[in-house]
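Reviewing the structure listed below.
Number of protein chains: 2
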Amino acid sequence: MVAATRTSTARAGLERDDVVQAALELVEEGGAEALTMRKLAAALGVTTTTIYWHVGHRDELVIAVIDRLARQLAQAPVVGRTPRDRVLSAARNIWTNALAHRNVTALASQVGATTLLELPLEVALVAEFEAAGVRGPAARDALRSVLMCIAGFLIGAWRPDDASPAPLRHGALWSTVEDPAIAPATVEAMAEPPDVERLFTLALVAIVDTYLPAAAHPETAP
Amino acid sequence: MVAATRTSTARAGLERDDVVQAALELVEEGGAEALTMRKLAAALGVTTTTIYWHVGHRDELVIAVIDRLARQLAQAPVVGRTPRDRVLSAARNIWTNALAHRNVTALASQVGATTLLELPLEVALVAEFEAAGVRGPAARDALRSVLMCIAGFLIGAWRPDDASPAPLRHGALWSTVEDPAIAPATVEAMAEPPDVERLFTLALVAIVDTYLPAAAHPETAP
DNA sequence: AGATGTCTTGCACACTGTTCAAGTCATGGT
DNA sequence: ACCATGACTTGAACAGTGTGCAAGACATCT
Numbered sequence: 000m001v002a003a004t005r006t007s008t009a010r011a012g013l014e015r016d017d018v019v020q021a022a023l024e025l026v027e028e029g030g031a032e033a034l035t036m037r038k039l040a041a042a043l044g045v046t047t048t049t050i051y052w053h054v055g056h057r058d059e060l061v062i063a064v065i066d067r068l069a070r071q072l073a074q075a076p077v078v079g080r081t082p083r084d085r086v087l088s089a090a091r092n093i094w095t096n097a098l099a100h101r102n103v104t105a106l107a108s109q110v111g112a113t114t115l116l117e118l119p120l121e122v123a124l125v126a127e128f129e130a131a132g133v134r135g136p137a138a139r140d141a142l143r144s145v146l147m148c149i150a151g152f153l154i155g156a157w158r159p160d161d162a163s164p165a166p167l168r169h170g171a172l173w174s175t176v177e178d179p180a181i182a183p184a185t186v187e188a189m190a191e192p193p194d195v196e197r198l199f200t201l202a203l204v205a206i207v208d209t210y211l212p213a214a215a216h217p218e219t220a221p
Numbered sequence: 000m001v002a003a004t005r006t007s008t009a010r011a012g013l014e015r016d017d018v019v020q021a022a023l024e025l026v027e028e029g030g031a032e033a034l035t036m037r038k039l040a041a042a043l044g045v046t047t048t049t050i051y052w053h054v055g056h057r058d059e060l061v062i063a064v065i066d067r068l069a070r071q072l073a074q075a076p077v078v079g080r081t082p083r084d085r086v087l088s089a090a091r092n093i094w095t096n097a098l099a100h101r102n103v104t105a106l107a108s109q110v111g112a113t114t115l116l117e118l119p120l121e122v123a124l125v126a127e128f129e130a131a132g133v134r135g136p137a138a139r140d141a142l143r144s145v146l147m148c149i150a151g152f153l154i155g156a157w158r159p160d161d162a163s164p165a166p167l168r169h170g171a172l173w174s175t176v177e178d179p180a181i182a183p184a185t186v187e188a189m190a191e192p193p194d195v196e197r198l199f200t201l202a203l204v205a206i207v208d209t210y211l212p213a214a215a216h217p218e219t220a221p
């Protein structure tokens, strides 16, 4: 929030950065659909046309918002002693970051600009992959696999808030299943909310170990 | 497409099923954003109000569309001799199905009703998990992990079409990276488009093997 | 013939992104 | 001092979206 309401048709003293910053706050608080040209204009005490003058179309505004958040994001430190631990740490940084700024991440995902938001973290992850012996096309495939996995678990982690219409939630639909091939205990288990954090960790480890050289990760315990 | 243009204010002979069917065709051809009350009305040679009379709000229309596709979907057969192969086959059925009807799947994903679309396939997958010895909460976690993984790779498989603004595509952004910790060959590899199918297969196997009892899947080759 | 319930229409409202001509202001050159 | 240029801002408008209301047309039953 930069300026308050204004009456006369005078100068608002706005700069492009102020508009983008206000838009960023709007998205962080109210989600992607809260970013409306008119709402943004109202928050700045200004008319929509002013926004067009400063930053242009909504698409440009959106990528400006993403770019701004990307710049002000602290690059989380990678921890761990073994190469495998460091890879997992770097990957988890992307996950944690996306969760912390879920609204902007969702916005970036909608316009296909997630990389713009997370490039430094992706670079850090690839660096750790290379340190672990994964290079070239293999490092690219490993990165992409981890990113897609993160994307999937993200939408899994978002859903609970969205509160999709009660009768078609996952658990509700499964509670109607009566199949002789499926144990009642399993159907019952479907009603419980997922522990996304734990499931993500398991999946991440599984995928990372797929790409790490066999020597880098422990075989099944003796 | 059911009826053509009409002029007088007479009876169109529409039924709820006709409206939903036309909406389904609209989505399958033009994507989620092609499903507009006015466009649907025009396709039926009718006014928007008529749609409201037959099926109600847009949300109800959307879940009706999803439900209709779900009913007319053939339940793909599960193949494979070993329990592990059958689990992978059942999981791949969900993936293939989602790709074949990507527009409706995307629509379902937006409103959080993917399970409504894929419930029979999910049930088949869980049945195979149980046949492989994974039951109760473990089967639930396995299912959810596979579903989230599929969701992530789906948006990875969709992106290429969307044609996000050229300068912020994945490869374009990575081509600007100059980091001493990253080999040039790796940066170069990022420019190539992903082989989503292969990456998905690897990730799926990794996740499935995480949940299957150790005896069910082969250890690393000797 | 008249009434009832099933459909269908036209019009309207609030909201979205976007554009255009016109206005106000500060700062420059003459 | 004047006024011209460019930086900013405004009001009104257009097309498109989902949605609701009052009223009309039709088939069928009484």
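Heads up: the sequence lines are chains A and B, in that order.
Just so you know, numbering that gives the first Met the number 0 puts the end of the first sequence at 221, numbered straight through with nothing missing.
Just so you know, numbering that gives the first Met the number 0 puts the end of the second sequence at 221, numbered straight through with nothing missing.
For every residue, glycine included, the Cβ atom is placed at its ideal position computed from N, Cα and C.
>> Quick check on this structure: which residue in A:Pro76, A:Ala112, A:Thr104, A:Gly79 has the alpha carbon closest to the alpha carbon of Ala171 (chain B)?
In response: Start at 1 with the first residue of the second sequence, and residue 171 (chain B) comes out as number 172. Ala171 (chain B) has its Cα closest to that of A:Ala112, out of A:Pro76, A:Ala112, A:Thr104, A:Gly79.
>> Would Val195 (chain B) pass as an interface residue toward chain A - the criterion being a Cβ-Cβ separation below 9 Å?
In response: For this step, residue 195 (chain B) is matched to residue 196 along the second sequence. Cβ-Cβ to chain A under 9 Å: yes for Val195 (chain B).
>> By the three-class DSSP mapping on this structure, what secondary structure does Ser88 (chain A) have?
In response: If you number the first sequence from 1, residue 88 (chain A) lands on position 89. Helix.
>> Between Val18 (chain A) and Val61 (chain A), how many whole angstroms is the CB-CB distance? I'm expecting something under 8 Å.
In response: Numbered from 1 along the first sequence, position 19 holds the residue referred to as residue 18 (chain A). Numbered from 1 along the first sequence, position 62 holds the residue referred to as residue 61 (chain A). With a Cβ gap of about 12 Å, Val18 (chain A) and Val61 (chain A) do not count as contacting.
> How many whole angstroms separate the CB atoms of Ala202 (chain B) and Cys148 (chain B), which I take to be in contact at a CB cut-off of 8 Å?
Replying inline: Position 203 of the second sequence, counted from the start, is the residue given in the question as residue 202 (chain B). Position 149 of the second sequence, counted from the start, is the residue given in the question as residue 148 (chain B). At roughly 6 Å, the Cβ-Cβ gap stays under 8 Å, so Ala202 (chain B) and Cys148 (chain B) are in contact.
> Which value, in whole angstroms, describes the spacing of the CA atoms of His100 (chain A) and Glu27 (chain A)?
Replying inline: As a position in the first sequence, residue 100 (chain A) is number 101, starting the count at 1. As a position in the first sequence, residue 27 (chain A) is number 28, starting the count at 1. In a straight line, the C-alpha of His100 (chain A) is about 7 Å away from that of Glu27 (chain A).
> Under the three-state reduction of DSSP, which class applies to Ile206 (chain B): helix, strand or coil?
Replying inline: For this step, residue 206 (chain B) is matched to residue 207 along the second sequence. Looking at Ile206 (chain B) - three-state DSSP - the assignment turns out to be helix.
>> I'd like the ranges of any beta strand (DSSP E) spanning at least 3 consecutive residues and lying wholly in the stretch 95–168 of chain A.
In response: none
> Between which two residues does the alpha helix (DSSP H) containing Gly12 (chain A) stretch?
Replying inline: Within the first sequence, the letter at position 13 stands for residue 12 (chain A). Looking at the DSSP string, Gly12 (chain A) is not in any alpha helix (DSSP H), and its letter there is neither H nor E.
>> Any C-beta of chain A within less than 7 Å: which residues of the stretch 126–145 of chain B qualify?
In response: Ala126, Glu129, Arg134, Gly135, Pro136, Ala138, Arg139, Asp140, Arg143, Ser144
> What is the C-beta distance between Val195 (chain A) and Ala156 (chain A), in whole angstroms, given that I count them as a contact (C-beta under 8 Å)?
Replying inline: By 1-based counting over the first sequence, the position of residue 195 (chain A) is 196. By 1-based counting over the first sequence, the position of residue 156 (chain A) is 157. Yes, Val195 (chain A) and Ala156 (chain A) are in contact; Cβ-Cβ is about 5 Å, under 8 Å.
>> Could you give the first and the last residue of the continuous alpha helix (DSSP H) run that contains Glu59 (chain A)?
In response: The count along the first sequence starts at 1 and reaches residue 59 (chain A) at position 60. Segment 57–70, the alpha helix (DSSP H) holding Glu59 (chain A).
> Who are the neighbours of Thr200 (chain A) on chain B, taking C-beta pairs under 7 Å?
Replying inline: By one-based count along the first sequence, residue 200 (chain A) stands at place 201. Within chain B, no residue comes near Thr200 (chain A); the closest Cβ sits about 11 Å away, beyond 7 Å.
>> Using 9 Å as the threshold, is the C-beta distance between Val122 (chain A) and Ile65 (chain A) below it?
In response: Mapped onto the first sequence, residue 122 (chain A) falls at position 123. Mapped onto the first sequence, residue 65 (chain A) falls at position 66. Not a contact, by the Cβ cut-off of 9 Å.
> Is any beta-carbon of chain B found at less than 9 Å from that of Asp84 (chain A)?
Replying inline: Position 85 of the first sequence holds residue 84 (chain A). It does not; no Cβ of chain B falls within 9 Å.
> Expressed to the nearest angstrom, what Euclidean distance is found between the alpha-carbon atoms of Thr8 (chain A) and Val110 (chain B)?
Replying inline: Within the first sequence, residue 8 (chain A) is the residue found at index 9, counting from 1. Within the second sequence, residue 110 (chain B) is the residue found at index 111, counting from 1. Note on Thr8 (chain A): pLDDT 47, under 50, position unreliable in the model; no value is reported.
>> Within a Cβ cutoff of 7 Å, which residues of the same chain sit near Ile206 (chain B), ignoring the five residues on either side of it in sequence?
In response: Numbered from its first residue, the second sequence carries residue 206 (chain B) at position 207. So the qualifying residues of the chain are Ser144, Val145, Cys148.
>> Looking only at its chain, what residues have a beta carbon closer than 7 Å to the beta carbon of Leu115 (chain B), apart from the 5 residues adjacent to it on each side?
In response: Along the second sequence, read from residue 1 onward, the residue named residue 115 (chain B) stands at position 116. Cβ neighbours of Leu115 (chain B) beyond the five flanking positions: Ile62, Ile65, Asp66, Ala69, Ala107.
> Between which two residues does the alpha helix (DSSP H) containing Glu187 (chain A) stretch?
Replying inline: Along the first sequence, read from residue 1 onward, the residue named residue 187 (chain A) stands at position 188. Where Glu187 (chain A) is concerned, the enclosing alpha helix (DSSP H) stretches over 183–188.
> So, are the CB atoms of Thr49 (chain B) and Arg37 (chain B) less than 9 Å apart?
Replying inline: In the second sequence, residue 49 (chain B) corresponds to position 50, counting from 1. In the second sequence, residue 37 (chain B) corresponds to position 38, counting from 1. No, they are not a contact pair.
> Residues in the stretch 90–109 of chain A with C-beta within 8 Å of chain B's C-beta atoms, listed in sequence order?
Replying inline: Ser108
> Under a three-way DSSP split, which group does Trp52 (chain B) fall into?
Replying inline: For this step, residue 52 (chain B) is matched to residue 53 along the second sequence. Reduced to three states, the DSSP call for Trp52 (chain B) is helix.
> Along chain B, which residues have their Cβ under 7 Å away from the Cβ of Leu115 (chain A)?
Replying inline: Here residue 115 (chain A) refers to the residue found at position 116 when the first sequence is read from its first residue. Chain B residues near Leu115 (chain A): Leu167, Leu172.
>> What does the alpha-carbon distance come out to for the pair Arg85 (chain A) and Arg197 (chain B)?
In response: For the purposes of this step, residue 85 (chain A) is taken as the residue at position 86 of the first sequence. For the purposes of this step, residue 197 (chain B) is taken as the residue at position 198 of the second sequence. Using only the alpha carbons, I get a separation of about 25 Å.
>> Excluding the 5 residues flanking Leu25 (chain B) on each side, which residues of the same chain have their C-beta closer than 7 Å to its C-beta?
In response: Within the second sequence, numbered from 1, the residue matching residue 25 (chain B) stands at position 26. Excluding positions up to five away in sequence, the list reads Ala33, Leu34, Lys38, Leu39, Ala42.
>> Counting C-beta neighbours from all protein chains within 10 Å, is the total for Val125 (chain B) 16 or more, i.e. buried, or is it exposed?
In response: Start at 1 with the first residue of the second sequence, and residue 125 (chain B) comes out as number 126. Under this definition Val125 (chain B) is a buried residue.
>> Taking the alpha helix (DSSP H) that Leu39 (chain B) belongs to, which residues open and close that run?
In response: As a first step, residue 39 (chain B) is located in the second sequence; it is residue number 40 there, counting from the start. Per DSSP, Leu39 (chain B) belongs to the alpha helix (DSSP H) from 36–43.
>> What would DSSP say about Glu191 (chain B), mapped onto helix, strand or coil?
In response: One-based indexing of the second sequence puts residue 191 (chain B) at position 192. Note: Glu191 (chain B) maps to coil in three-state DSSP.
> Less than 9 Å separating the beta-carbons of Pro179 (chain B) and Asp140 (chain A)?
Replying inline: The count along the second sequence starts at 1 and reaches residue 179 (chain B) at position 180. The count along the first sequence starts at 1 and reaches residue 140 (chain A) at position 141. No, these two residues do not count as a Cβ contact at 9 Å.
> Nearest chain A C-beta to Arg37 (chain B) closer than 9 Å, yes or no?
Replying inline: On the second sequence, residue 37 (chain B) is found 38 positions in, with the first residue counted as 1. Taking Cβ atoms only, chain A never reaches closer than 9 Å to Arg37 (chain B), which makes this a no.
> Does the beta-carbon of Trp227 (chain A) have 16 or more other beta-carbons within 10 angstroms, so that it is buried, or is it exposed?
Replying inline: One cannot answer for residue 227 (chain A) here, as it falls past the ends of chain A, which runs 0 to 221.
> If the cut is a Cβ gap below 9 Å, which residues of chain A does Leu118 (chain B) touch?
Replying inline: Looking up residue 118 (chain B) in the second sequence gives position 119. The contacting residues are Leu172, Trp173, Thr175, Val176.
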